[in-house]
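The block underneath contains the structure these notes are about, expressed in structure tokens.
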Amino acid sequence: MKSLRYLFLFVCCVLGMACTDEVMLSAGQYVDYSRDLTKLEIVPIKALVNPERGYHLESNYFVDNLKNPWHEGSWESFWIPEIERKNSAKNDGVTLSQLYLYLTQYVGKDLDQAAFDNMQMLFDDTKRLGYKIHLIFAYDHNAGATNVQFTDIFRHLEQLKPFIQKNIGLIDLWQMGFIGAWGEGNSTPLRDDWTNKGKMIKEILSMYPDRFMTLRYPRHIHNFPMLTEAEKARVGYANDFFTASEHPLAPDNDYTFGSEDYTIVANASPYVKVRAEIPYNENTEWGLSKEISVVNTIKILKEHHYDALDITQNNELNIYAWKSYKISSDWCQDNKILFDESYFKDEEGNKVARSAYEFIRDHLGYRLYVNSEDVSLEAKNGNLDFDIPLRNVGFAAIKNPRPVYIVLVDESNRVVFKKKLDVSPRDWQPYDVETKEYKSLVHHVEGSVAPGISGKYKVGLWLPDPTELLQLLPEYAVRFANTEMIEDTQYRINVIGEVTF
């Protein structure tokens, strides 16, 4: 079969057909072709650290004692710094960690103060580390571990309301969780109770306003007629069996090419959170012990607007293989993947390749560039008129709420003026998601403000976290990929230019 596929590709190229991943009709039929990869060496590129996007880690704890369900040891074992080291991710700008909180010991009773103290310690340390959490509550760390009932779940949700409200800024997304092994909804007699599951989703969404929870199986969205359209618009998806459609058990588990799940996610993902994890590298029925197609992987990440991807599973096989797989500007053009020209150039302006690992790392979620040559800043009659064009070449837009401020910074790098703008970064899609024409869109941040000051100032954009808890912590503000940065103990400013009043 492999030789026949290569023969087909050769004939296509001879006939002048475009050798891109767009000719792929189903899993396995992919094109892995690029014009210049043999001539280019992979040159490492520094990670651009940004919140709410990128690779993510994973930690698991029982909330009553902070012990890991499967390994000896408790917190700080298997916590973020250790998981970073184990997965060689310390220099990869990781700012997300999936956190499973097992309520196993509280079936049939209330959560006690020890549970809340333990959870708060984890959240406080998450903040100290500059991370955010993908939150999953569960009871069963193995199939059938408890006899949890919906009465337990609703009682605990009611108890959790103040805790969630206090820490809402630290939660990037909330996976539905609660029922089944690992909170994935399987291996439980509660699996088909769609009425109570719908009630649970409504409760989660009410506790977590203007943000996203995720379902494991996209097709299940049809089983919740009790959800309003506004509530459905806040339901994202968590693909816990990402195999690029290439595993024997991919149908109905992965979001496979051509399936109903694939279509649902493709249509919803420009506007909702989407994350994934690859199965473990193990020679079992559910394991993934072979390398999956990189071109198929990146095609899916693009078309499903992925925000985050786990690197703690299959790290030694697929994730490792990505580190030696070459990606170039021509490769991206051939496969209709957005990029900025500067990304594939070294400091001397020479054309280089990057690894697939770094390219995926740097393009999960959003990646913002200012079109510097087209910026217009004009100070006249005490007003600042501005038009700042920008592009997003990441796989996704910013999904959670995030304000945008125009700021002025004096010669001592102090912020002397800031004005919140009527702008939503959620609208900064990488391409036209309606026509699916894969051309980079240009968005404009424009307006006029009256600072009431005189002198020479740097003009910048500040995109902080919207919550009081995190707004004045610079590590939670968004960086652009190609602007000068001014950062102090409270602000991270993307410098756009200078003006004199």
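Using the numbering used here, the first residue of the sequence shown is number 779, and each one after it goes up by one.
Each residue gets a CB set at the ideal place from its N, CA and C atoms; glycine is no exception.
This structure is a prediction, so every number in the text was calculated from the model and none was measured.
Rounded C-alpha distance that separates residue i from residue j
{"i": "T882", "j": "I1274", "result": "51 Å"}
{"i": "T1267", "j": "K1177", "result": "26 Å"}
{"i": "G1233", "j": "S1154", "result": "19 Å"}
{"i": "S984", "j": "Q937", "result": "14 Å"}
{"i": "A1157", "j": "P829", "result": "33 Å"}
{"i": "L1250", "j": "E981", "result": "30 Å"}
{"i": "Y808", "j": "T966", "result": "Its pLDDT being 44, under 50, Y808 is placed unreliably by the model, and the measurement read from it follows with that caveat. So the alpha carbons of these two residues sit roughly 38 Å apart."}
{"i": "N1170", "j": "V1227", "result": "25 Å"}
{"i": "H1221", "j": "N896", "result": "44 Å"}
{"i": "Y1040", "j": "P940", "result": "36 Å"}
{"i": "G922", "j": "W1064", "result": "19 Å"}
{"i": "D1018", "j": "D1112", "result": "29 Å"}
{"i": "K944", "j": "D1243", "result": "15 Å"}
{"i": "L803", "j": "F1164", "result": "Because L803 sits at a pLDDT of 34, beneath the cut-off of 50, its placement in the model cannot be relied upon, and the point is left open."}
{"i": "A1011", "j": "N1128", "result": "44 Å"}
{"i": "N1258", "j": "Y1144", "result": "In the sequence under discussion, the amino acid at residue 1258 is Phe, which differs from the Asn named in the question. Taking the straight line from one Cα to the other gives about 10 Å."}
{"i": "R1132", "j": "F1122", "result": "7 Å"}
{"i": "L913", "j": "L879", "result": "8 Å"}
Where residue i falls: helix, strand or coil (DSSP)
{"i": "N925", "result": "coil"}
{"i": "A867", "result": "coil"}
{"i": "T1261", "result": "coil"}
{"i": "S1107", "result": "helix"}
{"i": "I1184", "result": "strand"}
{"i": "E1276", "result": "strand"}
{"i": "L1162", "result": "strand"}
{"i": "T1245", "result": "coil"}
{"i": "K1236", "result": "strand"}
{"i": "R1270", "result": "strand"}
{"i": "M954", "result": "coil"}
{"i": "I1056", "result": "coil"}
{"i": "I1078", "result": "helix"}
{"i": "K845", "result": "strand"}
{"i": "A1011", "result": "coil"}
{"i": "L1087", "result": "strand"}
{"i": "V1201", "result": "coil"}
{"i": "K1068", "result": "coil"}
Other residues of its chain near residue i: CB distance less than 7 Å, five sequence neighbours each side excluded
{"i": "V1201", "result": "V1182 and V1223"}
{"i": "D870", "result": "A825, Y833 and R1139"}
Extent of the continuous alpha helix (DSSP H) run through residue i
{"i": "M1004", "result": "Premise fails: M1004 is in no alpha helix (DSSP H) and is neither H nor E."}
{"i": "V1043", "result": "E1038 to A1046"}
{"i": "N896", "result": "Q891 to R906"}
{"i": "S1226", "result": "Premise fails: S1226 lies in the beta strand (DSSP E), H1221 to V1227, not in any alpha helix (DSSP H)."}
{"i": "Y1135", "result": "A1134 to H1141"}
Bounding residues of the beta strand (DSSP E) (the contiguous stretch that carries residue i)
{"i": "Y1254", "result": "Careful: Y1254 lies outside any beta strand (DSSP E) and carries neither H nor E."}
{"i": "K1214", "result": "Unbroken run through K1214: none, as it is neither H nor E."}
{"i": "S875", "result": "L874 to Y880"}
{"i": "I914", "result": "K910 to D918"}
{"i": "G837", "result": "The amino acid occupying residue 837 in the given sequence is Ser; Gly does not appear at that position. Start and end: G832 to F840."}
Same chain, Cβ closer than 8 Å to residue i, neighbours up to 5 away in sequence not counted
{"i": "N1096", "result": "I1056, N1059, L1066, E1069 and I1070"}
{"i": "M991", "result": "L951, W952, Q953, M954, I979, I982, L983, R1012, V1013 and G1014"}
Same chain only: Cβ atoms within 6 Å of residue i, ignoring 5 sequence neighbours per side
{"i": "L1116", "result": "V1171, P1208 and S1218"}
{"i": "C1110", "result": "F1117"}
Residue i at chain D interface by Cβ criterion, 8 Å
{"i": "R1270", "result": "No chain D appears in this structure, which consists of one protein chain only."}
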